[in-house]
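Number of protein chains: 2
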Amino acid sequence: MALLSVDHERWSGARRWEVMLLAKQSVAKGRARFRREAPEDRRRQLGEAALRCIVKHGNAGVSVRQIAAEAGVTQGLITHHFGEINELVAYAFDIMSAGILQVLMKGVEEAEPTPQKRLDSFIELSFSPLLFDRDVLGVWVVFWGLILHSPRMSASQQGEYSDYVVTVEGLLRDLAQDEGFSIGDIRLTAIAFTALLDGLWLAWCLNPASFKPEQGVQLCRNWVEGLRRGAYG
Amino acid sequence: MALLSVDHERWSGARRWEVMLLAKQSVAKGRARFRREAPEDRRRQLGEAALRCIVKHGNAGVSVRQIAAEAGVTQGLITHHFGEINELVAYAFDIMSAGILQVLMKGVEEAEPTPQKRLDSFIELSFSPLLFDRDVLGVWVVFWGLILHSPRMSASQQGEYSDYVVTVEGLLRDLAQDEGFSIGDIRLTAIAFTALLDGLWLAWCLNPASFKPEQGVQLCRNWVEGLRRGAYG
DNA sequence: AGAGAAATTATAAGATCGTATAGCAAGAAA
DNA sequence: TTTCTTGCTATACGATCTTATAATTTCTCT
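Residue numbers (this note's numbering), protein chains in the order written: chain Z, 1 to 233; chain L, 234 to 466.
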């Protein structure tokens, strides 16, 4: 899980440097000076290092030098694998997007197979520490800034957003069908629910004192209650 | 109006440079080489230049050199008036926040004095080209990024957000009282509505094809309808 | 064991960044 | 007209950035 690996490795800086030191020691003993890895693996390592840098320094963390240092490699390796740094960031965005949607879908699939429980699982997971996290938003804000100015990033975003909305759409449709209420425009309604989730995430991360995650869950349930009562019919 | 001035002056670059050229010509004729302005005025000019730079280049626009060039002054002037650049950015944030809330409140006050019309005016204005604008979000996203990493910016944000929520709270309270329905926790409910607005703003700016501003208005009205039907009681 | 492919390092060049400092000059006051 | 305050310019320094290039090293494959 991409997201988890980011969180886990955030605190493993020490271990990371130990590894490097060991590597340098082993040079003196005639061992390998660096590890040669499969491009696929290295690309992912660099992508995750980029995410860690962004978590730590925000926009300032988007830098070839910092990311290379974080990954424990030299700068040239980023050029070698990604050409320009924007490509690395876009790749990191894809990793993160996929990770988040995967976390959510896994939770939904593990819930009891009723539309109510599935949607509720989706909501609760959205407000769990795994996603409802300042650091996660910090990464996302950087991405938003890039999306607005980079066609490459924008293209990725459109796909990810579409997938997300379609997922929400399915959850809402199933609920409406099961409970027998009607929704005028399901796609639009899913967009609104998505917006509510994102807006609460944003508000809480920027101002954690304003409400508690559980209250966020409640507000989403209230929204669903409005849906039940036909406000979106 | 801060926001308007940003929008207006975005297209007045040519005029701005003409002024500079004239100023330089006049040097040859022995006239003033630069204008000496009151600190208050100059600070505002620099703040608005900063906003224009952010609109144009996003995070990359936050640069002493670029902002000074945009304002038609030398770099040292920013140091002189603000000390460090973060202070200028925070000032620009305050300008912009005040401008947005002012636009909204002016619209509300100009609406017919019924709770329904006032809230609806607030909603429609939120989705008008003045605020529902890619460039405006672009500026905001940069601010969000800074808020997450700067206590100074965070302090400003807490105040602005609080004002905003209190405003929404008042609009909702008046509506509930007038129509005789109940709201469990008005502050929380106002937070949810604010989140919905921000979320829709964000979604549309990142993906303008996903829905039309009028549809955003409708989704907000639907949310209010859910409120009426007691979903937040 | 040895050769070849390519992953990785090493190094440099050129921009741009933020900030500090010293001196100039605009415009009000006398 | 002359003085004085201070807004403003001019310039420099050191750090950091991106990107390009060539040399080196690892590791697989035969």
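Quick reminder that beta carbons are idealized off the backbone N, C-alpha and C, glycines included. None of the values given here were measured: they were computed from a predicted structure.
Which residue marks the beginning of the alpha helix (DSSP H) containing residue i, and which one marks its end?
{"i": "Z:R221", "result": "P213 to R228"}
{"i": "Z:N86", "result": "I85 to E110"}
{"i": "Z:H149", "result": "It is not in any alpha helix (DSSP H) - Z:H149 carries neither H nor E in the DSSP assignment."}
{"i": "Z:P39", "result": "P39 to H57"}
{"i": "L:I311", "result": "G309 to F315"}
{"i": "L:V297", "result": "V297 to A304"}
{"i": "L:A432", "result": "Here residue 432 of chain L turns out to be Gly, not Ala, going by the sequence shown. Counting along the chain, the alpha helix (DSSP H) containing L:G432 begins and ends at I419 to L439."}
{"i": "Z:P129", "result": "Taken as a continuous stretch (DSSP letters only), Z:P129 belongs to no alpha helix (DSSP H), as it is neither H nor E."}
Using CA coordinates, which residue listed in the options is at the minimum distance from residue i?
{"i": "L:W373", "options": "L:L452, L:E393, L:L358 and L:I356", "result": "L:E393"}
{"i": "L:T400", "options": "L:L337, L:K289, L:E273 and L:A325", "result": "L:L337"}
{"i": "Z:R221", "options": "Z:S121, Z:E112 and Z:E84", "result": "Z:S121"}
{"i": "L:K350", "options": "L:L408, L:L363 and L:F365", "result": "L:L408"}
{"i": "L:L452", "options": "Z:I186, Z:L77 and Z:R35", "result": "Z:I186"}
{"i": "Z:G107", "options": "Z:A92, Z:E124 and Z:S154", "result": "Z:E124"}
{"i": "Z:H80", "options": "Z:V89, Z:R43, Z:G99 and Z:I95", "result": "Z:R43"}
{"i": "Z:C53", "options": "Z:V136, Z:R229 and Z:E225", "result": "Z:V136"}
{"i": "Z:L148", "options": "L:P441, L:P362, L:L430 and L:R406", "result": "L:P441"}
{"i": "L:I300", "options": "L:L430, L:G280 and L:K445", "result": "L:G280"}
{"i": "L:L421", "options": "Z:W204, Z:T189, Z:S182 and Z:R173", "result": "Z:W204"}
{"i": "L:A207", "options": "L:Q390, L:I333 and L:R268", "result": "Nothing in the structure corresponds to residue 207 of chain L, since chain L is present only between 234 and 466."}
{"i": "Z:V224", "options": "Z:K212, Z:D198 and Z:L172", "result": "Z:L172"}
{"i": "Z:D198", "options": "Z:S182, Z:Y164, Z:T114 and Z:Q158", "result": "Z:Y164"}
{"i": "L:F360", "options": "L:W434, L:W377, L:V322 and L:G459", "result": "L:W434"}
{"i": "L:R385", "options": "L:D274, L:Y324 and L:A302", "result": "L:Y324"}
{"i": "L:L334", "options": "L:L460, L:Q390 and L:K445", "result": "L:Q390"}
{"i": "L:K445", "options": "L:G459, L:P362, L:L460 and L:S383", "result": "L:P362"}
{"i": "L:S383", "options": "L:A302, L:I318 and L:D274", "result": "L:I318"}
Output the distance between the C-alpha atoms of residue i and residue j, rounded to the nearest integer angstrom.
{"i": "Z:P39", "j": "Z:S162", "result": "29 Å"}
{"i": "Z:V217", "j": "Z:G61", "result": "32 Å"}
{"i": "Z:L131", "j": "L:T307", "result": "44 Å"}
{"i": "Z:S210", "j": "L:R367", "result": "27 Å"}
{"i": "L:V375", "j": "L:E320", "result": "15 Å"}
{"i": "Z:E112", "j": "Z:A231", "result": "27 Å"}
{"i": "Z:Q177", "j": "Z:I191", "result": "19 Å"}
{"i": "Z:A50", "j": "Z:L77", "result": "13 Å"}
{"i": "Z:V55", "j": "L:R266", "result": "46 Å"}
{"i": "L:G417", "j": "L:E447", "result": "29 Å"}
{"i": "L:G291", "j": "Z:G180", "result": "47 Å"}
{"i": "Z:T194", "j": "Z:L206", "result": "18 Å"}
{"i": "L:S259", "j": "Z:A155", "result": "Confidence in L:S259 is poor, its pLDDT being 34 and thus under 50, which makes the residue's placement unreliable; the coordinate value appears in the next sentence. L:S259 and Z:A155: Cα-Cα distance of roughly 50 Å."}
{"i": "Z:G170", "j": "Z:L119", "result": "10 Å"}
{"i": "L:R462", "j": "L:M329", "result": "36 Å"}
{"i": "Z:G99", "j": "Z:F93", "result": "10 Å"}
{"i": "L:L379", "j": "Z:S182", "result": "42 Å"}
{"i": "L:G459", "j": "L:F315", "result": "47 Å"}
{"i": "L:W377", "j": "Z:S63", "result": "20 Å"}
{"i": "Z:V89", "j": "L:Q278", "result": "34 Å"}
{"i": "Z:E109", "j": "L:G466", "result": "31 Å"}
{"i": "L:L429", "j": "L:G371", "result": "18 Å"}
{"i": "L:R467", "j": "Z:A69", "result": "Residue numbering for chain L in the displayed model covers 234 to 466; residue 467 of chain L lies beyond these limits and cannot be assessed."}
Scan the stretch 387-405 of chain L for residues whose Cβ lies nearer than 7 Å to a Cβ of chain Z and list them as they occur along the chain.
Q390, Q391 and Y394
Quick one: which residues of the stretch 438-451 of chain L get their C-beta closer than 9 Å to a C-beta of chain Z? List them in chain order.
C438, L439, N440, A442, S443, F444, Q448, G449 and Q451
Could you please tell me which residues of the stretch 360-376 of chain L, in chain order, have their CB closer than 8 Å to any CB of chain Z?
R367, L370, G371, V374 and V375
Using a Cβ-Cβ cut-off of less than 8 Å, list which residues of the stretch 296-330 of chain L approach chain Z; keep chain order.
none
Contacting positions in the stretch 329-345 of chain L - beta carbon closer than 7 Å to chain Z:
none
Any C-beta of chain L within less than 9 Å: which residues of the stretch 114-125 of chain Z qualify?
none
Output, in sequence order along the chain, the residues in the stretch 407-424 of chain L whose CB is closer than 7 Å to any CB in chain Z.
L421 and I424
Name, going along the chain, the residues of the stretch 28-59 of chain Z whose beta-carbon falls closer than 7 Å to a beta-carbon of chain L.
G58 and N59
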